[in-house]
Amino acid sequence: MNMPVRALIMSVFQEVASEQQRQLATLTDDLKLLKSGLDSLSFALIVARLEDDLGYDPFDTAETFPVTFGDFVKLYEARAAS
Amino acid sequence: MALWDLVAGGAAARGGALIAGVRAIPLSSLAGASCLAGRLEALRGRSVILAVQDPLAAAIAMLELDGVVRRMVLCTPDLAAQHLPHVARSAQADVWLGDLESVAPRVDGLALAMEPDPEAVPARVERRATCDTEWVLLTSGTTGVPKLVGHSLRSLTHAIRESTPEASIPVWSTFYDIRRYGGLQIYLRALCAGSLVLPVAGEPAADFLARVAGHGVTHMSGTPSHWRKALMSGAAGRFSPAYVRLSGEIADQGVLDALRAAYPGAVVAHAFASTEAGVAFEVRDGRAGFPADLVAGREGSVDLDVSRGTLRIRSPGNATAYLGPDAPPLKDAEGFVDLGDRLELREGRYYFAGRSGGIINVGGLKVHPEEVEAVINAHPRVLMSLVRSRRNPITGAIVTAEVVLARDAAAEGSPAAQERLRQEILAACRATLAAHKVPALIRFVPALDLTPSGKLVRADA
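Here the protein sequences line up with chains Y and H, keeping their order. Under the working numbering, residues -5 to 76 are what the first sequence spells out, in order. Under the working numbering, residues 14 to 474 are what the second sequence spells out, in order.
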């Protein structure tokens, strides 16, 4: 159940990195988002696209901001499960 | 009263310092010192463009120039060289004081070239104020040409004079460059009462926060986007401020809650402030928007008016005017500054609903919809377009576009043909616009609403 969300997130990260001409680091759970090669605008685009695909934006109720890629995926998975 | 008098009676007496990198310069040591190496007298009464890279040099130069020069134009390191002639002309500048390589120093009428050098401290100077210096800040205007906004030291320090003095000596820092309004407020606050840890351009968030922690910063300010970036850096927990301030963009509930969780012991305050209107008020209840009774039951010198659907501000903190030969008026007939910030009233609280003037704020960078629309509309198969803001938890807003295709293009409505057109339009945008101005999403629509006067309806811009 959770895999499709993770796969979608990975593909959106790659799509936006390529559009923004940014070198994306290998997406592992402990990768710090600020070391991923993406800038704030790239993250903004990723969140907007995921909202269009999934129908939700987990940041609107999130208490803490994700620091690693794993945190980011967990934020979406938690919302998908609720 | 000049800035130096405020410092001498405030932070310098309380042991305050300017801290940049590993250097800490006690404010008291600046009493007879100059980073201008004895050339201060040559600047008396002139209109000066201050364009230095190093924030510490700028911090000391501003302290020295106030009360001496007639006008001081504060340039940030990202000022493009192409805009300098406009800035110099509008400010009737006659002295260039700078080292900014991005900005060509050769402009007609700029006589002197000198570089403030903080290493030159100390050189004996006499602090003698002979005029009320006009402070000029730059803010991005339509088509990206900077607007020059004039202030006095009195208007810039208005909110500081009205705030309650701190019992302990605060150590301030800010994510802003101190030559922008938000950063200048913190610079002035620190100089009146405490110390200031200066940000360095391009420094990674985690490194800056480590420095901030090392210097024991108690008060920290930035835009909601700055704070989101700090929270995402994983280094936000390295320091524990007593006071966290947000300004410059709309603070949504998400970022306020995240800061509350990260800094449970801190006062989290969001201030409504702009270069033009100054600091209007500060909200400390941890909720987005502001209570409606702030408008009606207001005491003090700041008048707020919401009767036209936007927030209008009349205050001693307002800027005085836009500078330049074709500059528009800054205030309306009743003396209010109205930047078109639209409000919605819900359950006794006002919430910001974007700007009616349509400016979109993407992580602190302004986007004028018309500029993006012009690029989209240049595509031969586009009839018209409407660029709007879409809420975003990372940058506050992003740019989206609705596009009406010319009839022949709309008729070939196969999904593949539409996708091709979308890609062509995006390619044109990427070729001519900065990344934050390129629409994140393009939607084809059959028509766009127009007002009776034939203008696009920018209801939710």
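In this text, a Cβ means the ideal position worked out from N, Cα and C, and glycines have one as well. Predicted model only: the values in this text are computed from it and were never measured.
Delimiting residues of the alpha helix (DSSP H) encompassing residue i
| i | result |
| --- | --- |
| Met245 (chain H) | Pro237 to Met245 |
| Val86 (chain H) | Unbroken run through Val86 (chain H) is the beta strand (DSSP E), Arg84 to Leu87; no alpha helix (DSSP H). |
| Leu69 (chain H) | Pro68 to Leu78 |
| His449 (chain H) | His449 (chain H) -> no alpha helix (DSSP H), and no H or E assigned at all. |
Residue i burial status per 10 Å Cβ neighbour count (16 or more: buried)
| i | result |
| --- | --- |
| Ala293 (chain H) | buried |
| Leu358 (chain H) | exposed |
| Ser36 (chain Y) | buried |
| Val470 (chain H) | exposed |
| Glu77 (chain H) | buried |
| Glu147 (chain H) | buried |
| Ser47 (chain H) | buried |
| Gly28 (chain H) | exposed |
| Ala214 (chain H) | exposed |
| Met233 (chain H) | buried |
Contact with chain Y by residue i, beta-carbon distance below 9 Å
| i | result |
| --- | --- |
| Gln266 (chain H) | yes |
| Val458 (chain H) | no |
| Leu454 (chain H) | yes |
| Asn405 (chain H) | yes |
| Arg141 (chain H) | no |
| Ser238 (chain H) | yes |
| Ala218 (chain H) | yes |
| Gly302 (chain H) | no |
| Met233 (chain H) | no |
| Gly247 (chain H) | yes |
| Asp18 (chain H) | no |
| Thr177 (chain H) | no |
| Ile326 (chain H) | no |
CB-CB length for residue i against residue j, believed under 8 Å
| i | j | result |
| --- | --- | --- |
| Glu415 (chain H) | Val350 (chain H) | Not confirmed; about 31 Å, so no contact. |
| Gly409 (chain H) | Ser238 (chain H) | 6 Å |
| Leu39 (chain Y) | Ser30 (chain Y) | Between Ser30 (chain Y) and Leu39 (chain Y) the Cβ distance is about 13 Å, and since that is not below 8 Å, they are no contact. |
| Ala218 (chain H) | Ser246 (chain H) | 4 Å |
| Leu269 (chain H) | Ala243 (chain H) | Actually they are not in contact, since the Cβ atoms of Leu269 (chain H) and Ala243 (chain H) sit about 14 Å apart, beyond 8 Å. |
| Cys442 (chain H) | Pro452 (chain H) | 6 Å |
| Pro406 (chain H) | Val41 (chain Y) | 6 Å |
| Tyr363 (chain H) | Ala305 (chain H) | 6 Å |
| Leu166 (chain H) | Leu16 (chain H) | 6 Å |
| Gly377 (chain H) | Glu175 (chain H) | Rounded, the Cβ-Cβ distance is 26 Å, inconsistent with contact. |
| Ser168 (chain H) | Gly291 (chain H) | 6 Å |
Check whether residue i and residue j have beta carbons under 9 Å apart
| i | j | result |
| --- | --- | --- |
| Ile411 (chain H) | Arg435 (chain H) | no |
| Leu48 (chain Y) | Pro60 (chain Y) | no |
| Leu63 (chain H) | Leu87 (chain H) | yes |
| Val162 (chain H) | Ala37 (chain H) | no |
| Lys160 (chain H) | Ala340 (chain H) | yes |
| Leu418 (chain H) | Val400 (chain H) | no |
| Val35 (chain H) | Ser60 (chain H) | no |
| Gly235 (chain H) | Phe303 (chain H) | no |
| Ile372 (chain H) | His381 (chain H) | yes |
| Val281 (chain H) | Gly229 (chain H) | no |
| Val210 (chain H) | Ile438 (chain H) | no |
| Leu19 (chain H) | Thr170 (chain H) | yes |
| Val100 (chain H) | Leu151 (chain H) | yes |
| Val315 (chain H) | Arg327 (chain H) | yes |
| Val257 (chain H) | Leu272 (chain H) | yes |
| Val65 (chain H) | Asp112 (chain H) | yes |
| Ala74 (chain H) | Leu204 (chain H) | no |
| His283 (chain H) | Ser320 (chain H) | no |
| Leu143 (chain H) | Arg57 (chain H) | Per the sequence presented here, residue 143 (chain H) reads as Thr, with Leu not at that position. Yes, the pair counts as a contact, with Cβ atoms nearer than the cut-off. |
| Ser186 (chain H) | Val225 (chain H) | yes |
Test: residue i CB closer than 9 Å to a CB of chain H
| i | result |
| --- | --- |
| Ala19 (chain Y) | no |
| Ser34 (chain Y) | yes |
| Val67 (chain Y) | no |
| Gln14 (chain Y) | yes |
| Ala74 (chain Y) | no |
| Ala11 (chain Y) | no |
| Phe7 (chain Y) | no |
| Thr58 (chain Y) | yes |
| Asp51 (chain Y) | yes |
| Leu28 (chain Y) | yes |
| Phe37 (chain Y) | yes |
| Thr22 (chain Y) | no |
| Ala42 (chain Y) | yes |
| Asp47 (chain Y) | no |
| Val(-1) (chain Y) | no |
Segment limits, beta strand (DSSP E) that includes residue i
| i | result |
| --- | --- |
| Ala37 (chain H) | Arg36 to Pro39 |
| Pro382 (chain H) | It is not in any beta strand (DSSP E) - Pro382 (chain H) instead sits in the alpha helix (DSSP H) that spans Pro382 to Asn390. |
| Gly371 (chain H) | First-last for Gly371 (chain H): undefined, no H or E at that position. |
| Arg273 (chain H) | Careful: Arg273 (chain H) lies outside any beta strand (DSSP E), inside the alpha helix (DSSP H) at Gln266 to Ala275. |
| Ser60 (chain H) | Ser60 to Ala64 |
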